[in-house]
Amino acid sequence: MRVEYDYDTCIGMFQCVAEWDAFERDEDAGKAVLADSEEHGEDVFVREVPDDAELDAKFAARSCPVDAITIYDDDGEQLIP
């Protein structure tokens, strides 16, 4: 499973930070940051989701009010949103 995070879309509500510790607050920018991610395209960050964090990652994606977080399964099929 992997997560894609669109930094530009983020509005800084930080609900994802409360759901999964891979997201961190960047108070200076007013946006969340996806730790241990790689940039794929402009302002889109991607990382693999550890097996023990899959539920947390899904909750983080569902909690985002602007759908800046997308979850994909191992076959590349979009699960959330």
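All residue numbers for the sequence shown refer to my numbering, where the first residue is 42 and numbers rise by one.
Every residue, glycine too, gets a C-beta built ideally from N, C-alpha and C.
Secondary structure of A73 (DSSP, three-state): strand.
Following the DSSP letters along the chain, one finds F86 inside the beta strand (DSSP E) bounded by residues V85 to E89.
The alpha-carbon of F64 is positioned some 17 Å away from that of P122. Shown here for D108: same chain residues with a beta carbon closer than 6 Å to its own, the five before and five after excluded, namely P122 in chain order. When beta bridges are read from the DSSP output, Q119 appears opposite Y113.
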